[in-house]
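Heads up: the structure comes next, in structure tokens.
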Amino acid sequence: MTTIRLTEAQKDLLNRATGILEGVLGRRLSQGEAVEALATFALRNRALLASSSKDSARSLENDPFYDASIVFDMGKTDERTVDKVLYGK
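Numbering (the numbering used here), first residue to last: 1286 to 1374.
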């Protein structure tokens, strides 16, 4: 068993996806079962996911507020530094 850190928005998405899965399967799922089902779906549908990521990359190119030239140098980092930056902990 492992722990996954999720933001509130990610938790909401997981709960919504779990609701869809429960409707399709006709039974309640734990969060672990939902994550497993979503991971299995992703592995079985790689081509579909690859094509959707290409679409999102193209939309970033057209976004006037997106600038790939902006770079943040955090210096030397370790897991604690990354956690502090990403999660504020």
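We put the CB at the ideal spot given by N, CA and C, even for glycine.
Since the model is a prediction, treat every value here as computed from it, not as a measurement.
Cβ pair residue i, residue j closer than 8 Å
i: residue 1291; j: residue 1303; result: no
i: residue 1361; j: residue 1368; result: no
i: residue 1316; j: residue 1299; result: yes
Alpha-carbon to alpha-carbon, residue j and residue i
i: residue 1366; j: residue 1311; result: 43 Å
i: residue 1372; j: residue 1289; result: 12 Å
Whole-angstrom C-beta distance between residue j and residue i, which should lie under 8 Å
i: residue 1319; j: residue 1328; result: Not quite, the Cβ-Cβ distance comes to about 15 Å (not below 8 Å), so this is no contact.
Residue i in three-state terms, based on DSSP
i: residue 1291; result: coil
i: residue 1350; result: coil
i: residue 1303; result: helix
i: residue 1313; result: coil
i: residue 1308; result: helix
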